[in-house]
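A short worksheet on the structure shown next.
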Amino acid sequence: MVFKRVGQSKAPQRAVFLALSVVVPSLFLSACMSSEKDVDLSTYVEQTEPADVLYNQGLANLNAGRLDEASKKFDAVDRQHPYSEFARKSMVMGAFADYRKGSYDEAIGSAKRYLTLYPSTEDAAYAQYIIGLSYYRQIKDVTQDQKEARQTVQTMQDLVTRWPDSEYVDDAKEKIRFANDQLAGKEMQIGRYYLERREYIASVKRFRNVVENYSNTRHVEEALARLTESYYAMGLTSEAQTAAAVLGTNYPDSQWYKDSYKLLQSGGLEPRENAGSWISKAGKLITGA
1 MVFKRVGQSK APQRAVFLAL SVVVPSLFLS ACMSSEKDVD LSTYVEQTEP ADVLYNQGLA
61 NLNAGRLDEA SKKFDAVDRQ HPYSEFARKS MVMGAFADYR KGSYDEAIGS AKRYLTLYPS
121 TEDAAYAQYI IGLSYYRQIK DVTQDQKEAR QTVQTMQDLV TRWPDSEYVD DAKEKIRFAN
181 DQLAGKEMQI GRYYLERREY IASVKRFRNV VENYSNTRHV EEALARLTES YYAMGLTSEA
241 QTAAAVLGTN YPDSQWYKDS YKLLQSGGLE PRENAGSWIS KAGKLITGA
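Quick look at the structure:
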């Protein structure tokens with residue numbers, strides 16, 4: 001009986017031991033895994049690495065085309081070493097990385113923050129340029145709203161005005177010309193819409209805006225021809241003749257001028273400039289672009 005009880009008592013003990021041998025390691029591994037989850041290794045590295053190391057890693061990733069990694073490194077510098085020289089440089093480089101990724105809103109936000117904190121530094125012009133480029137890349141077809149084109153003009157013009165000796169000025173001027181051409185194209189689209197519906201006053205307003213405010217774009221030529229057509233249809237022959245005369249002075253070989261001349265001839269008229277007309281005054285600003 002004793003041996004039997006001993007034998008019976010040992011079996012449960014072995015069972016408990018075996019059960020614990022399975023459970024305890026599992027609990028240990030679980031605790032380790034839980035501990036690993038609680039520690040953000042990337043954050044730990046960011047907290048312990050010097051600012052220059054993180055910054056150079058960001059540059060290396062940027063040069064290698066690893067834009068997401070570059071952004072993380074630059075963000076880490078700004079977060080872990082705020083107001084340091086490397087944090088300042090990381091802010092503008094992070095904006096550039098966002099621009100390269102096509103994250104234009106983030107690039108604009110970062111660059112604007114840089115300009116707020118460091119408006120007089122050597123990289124301020126570059127930050128402004130990134131903002132302008134981010135708007136420029138979002139310019140849509142003239143059939144759509146041209147908000148980004150207006151923002152491009154404003155931002156790039158600010159760059160030209162505030163940093164006239166910057167290396168980015170020449171390209172900024174090119175972007176301004178393109179954006180203005182888009183804005184003029186939008187005005188022409190709306191003006192033609194009104195002209196087709198014989199809403200002449202509304203059409204004149206749009207074509208006049210092109211002649212007065214976008215005289216160095218390729219659309220001014222057609223705008224003068226459309227003004228000739230609109231004024232002629234309204235019976236304002238003096239204005240129609242002036243529009244045609246200014247068109248002929250600046251674009252004598254233009255098909256638009258030939259068509260305008262023919263239109264006036266159909267009514268027994270010919271191009272004749274009225275020096276007192278707004279068209280004559282605006283015509284002096286036309287570059288023939």
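Note that the sequence shown ends on residue 289 in full-length UniProt numbering; no numbers are left out.
Every residue gets a Cβ at the ideal spot worked out from N, C-alpha and C, and that includes glycine.
DSSP places T116 within a helical segment (H, G or I) once states are collapsed to three.
In the three-state scheme derived from DSSP, where H, G and I count as helix and E and B as strand, Q128 is classed as helix. Secondary structure of D181 (DSSP, three-state): helix. DSSP places G268 outside any alpha helix (DSSP H), giving it a letter other than H or E. In this structure, DSSP gives T152 a helical state, which the three-state scheme calls helix. It is roughly 22 Å from the alpha-carbon of E106 to the alpha-carbon of A179. Cβ neighbours of Q255 within its own chain (closer than 6 Å, five residues either side excluded): none.
Looking only at T155, D171, E222, the smallest Cα-Cα distance to G185 is reached by E222. Excluding sequence positions up to five before and after L285, its CB lies within less than 7 Å of the CB of S215, all in the same chain and listed in chain order. A244 has its alpha-carbon roughly 47 Å from the corresponding atom of A111.
The C-alpha of S266 lies about 26 Å from the C-alpha of V210. Taking a cut-off of 8 Å for Cβ pairs, the region 116-131 and the region 87-101 touch, as three or more such pairs fall below it.
At least 7 Å separates the beta-carbon of K72 from that of L54. Around the beta carbon of P252, fewer than 16 other beta carbons lie within 10 angstroms, which makes this residue exposed. Here I286 carries a coil assignment [DSSP, helix/strand/coil]. With respect to V153, V160 sits apart: the two C-beta atoms are not nearer than 7 Å.
Secondary structure at L67: helix, using DSSP grouped into helix, strand and coil. At a Cβ-Cβ threshold of 7 Å, L133 and A97 do not count as neighbours. In the DSSP assignment, A95 falls within the unbroken alpha helix (DSSP H) covering 85-101.
For G248, the enclosing alpha helix (DSSP H) begins and ends at 237-250.
Distance between Y83 and G58, taken at the CA atoms: about 18 Å.
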